[in-house]
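K.L.:
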Amino acid sequence: MRTLVTLQIADLIRRYDALGADIRRLVGDTREVSLVEDETGLRMWRPLILGDGEFYRQLSEHNPWYYAPEKREYDVAARFLGGDDLLEVGCGEGHFAAWVKNAHYTGLELSEHAVASAQGRGLRVLRQDFAVFADEHPGCFDRVCSFQVLEHLPAPAMYFRAAHRALRDGGLLITAVPSEDSYLGSQHDDCLNAPPHHVSRWTDDCLKRYPETFGFQLHDLVHLPVEQGHAQRLIHAFVSRTLLRPSPRASGLLERLQRRAVVSLLRSLPADVPIPADFFIPGHTVLAVHRRVELKDQ
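Here the sequence shown stands for residues 313 to 610, where the numbers follow my numbering.
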């Protein structure tokens, strides 16, 4: 186990305040959190601090972009659909159902409001825990998918175990997460990639190795291009990696002044700076496709 980065809770509070989300009740007396990596390459924040319903309500209420009805990963995931039965975990209001053709769609969601909205549109969306549902429906699905869900879960192992129970042999698990091998990996001060929003981070290597323990083989790994609305975050990451590296000649005060000046400049940039479709740096999201295989000890 090694520590990769440590963040001060006071800094996270200020950054979430700017997004309209108050995390004080969630962090309690905790003063700092650290990103640690285990022998499998899994990166988790410790101590564990989870967001609750009120936290996500505040984020979505003050940031209209938070729950987007369309995501680029939906188009990519649709290429891997097949079979008769599909389960989406953490489906929100079930927007991905519009991409599902010739299959029976079932969604799982814990938000009462989102479930009511999805059911009001005629979708089969249930308010139930994934692990419990998988126990009750073993081997019932050809595809299990989730989009921007795994990084919020306190126990990733439970996600993969439940998916293995729910899938038929040879079925596919389709998982979209923020990519640690993209510009996000060096953007340690992005509060949305830290607790209580995200509690884990996923490199390509970890996406291959970690699920193997639970009966999955990597079938495909697709990096999505940089989203057009992410220009500021991309530039910020580049600046953080180059211009804002600690200098042995600069005093602490000088470094803080330099950082504030650069951050102020970045915030003045328009959010819609055009990004070429073939830009060489991977975008925010990676989509991993795993095939279910029988566990070796079975």
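Note that the Cβ used here is the ideal one computed from N, Cα and C, for glycine as well.
Quick test of your reading: Leu393 and Arg455, contact by CB under 8 Å. State the CB separation rounded to the nearest angstrom.
P.N.:
Contact holds; Cβ gap of about 6 Å.
K.L.:
Three-state secondary structure (DSSP) at Trp514?
P.N.:
The answer is strand: DSSP assigns Trp514 an E or B state.
K.L.:
Rounded to whole angstroms, how far is the Cβ of Cys452 from the Cβ of Asp501, which I believe are closer than 8 Å?
P.N.:
Between Asp501 and Cys452 the Cβ distance is about 43 Å, and since that is not below 8 Å, they are no contact.
K.L.:
Output the residue ranges of the beta strand (DSSP E) runs that lie fully inside the stretch 338-395 and measure 3 residues or longer, sorted by chain position.
P.N.:
As far as the stretch 338-395 is concerned, its whole beta strand (DSSP E) runs of at least 3 residues are 344-349 and 355-358.
K.L.:
Going by C-alpha distance, which of Val605, Ser372, Gly353 and Thr418 is nearest Thr515?
P.N.:
Ranking the options by Cα distance to Thr515, first place goes to Gly353.
K.L.:
Cβ of Ala446 within 7 Å of Cβ of Ala467?
P.N.:
No, they are not a contact pair.
K.L.:
Below 8 Å, can you find three or more Cβ-Cβ pairs linking the stretch 429-444 to the stretch 403-416?
P.N.:
Yes, they touch.
K.L.:
Which residues bound the alpha helix (DSSP H) around Asp323?
P.N.:
From DSSP, the alpha helix (DSSP H) with Asp323 extends over Ile321 to Ala330.
K.L.:
Less than 8 Å between the CB atoms is what I'm expecting for His531 and His602, so what's the real figure, rounded?
P.N.:
So it is a contact: roughly 6 Å between Cβ atoms.
K.L.:
Going by the CB atoms, is the gap between His535 and Val598 shorter than 7 Å?
P.N.:
Closer than 7 Å, so yes.
K.L.:
Using only alpha-carbon positions, find the residue among Cys503, Asp517 and Pro523 that is nearest to Tyr328.
P.N.:
For Tyr328, the nearest C-alpha among the options comes from Cys503.
K.L.:
Does DSSP put Arg603 in a helix, in a strand, or in coil?
P.N.:
Residue state, collapsed to three classes: strand.
K.L.:
Under a three-way DSSP split, which group does Arg439 fall into?
P.N.:
It is coil, neither helix nor strand.
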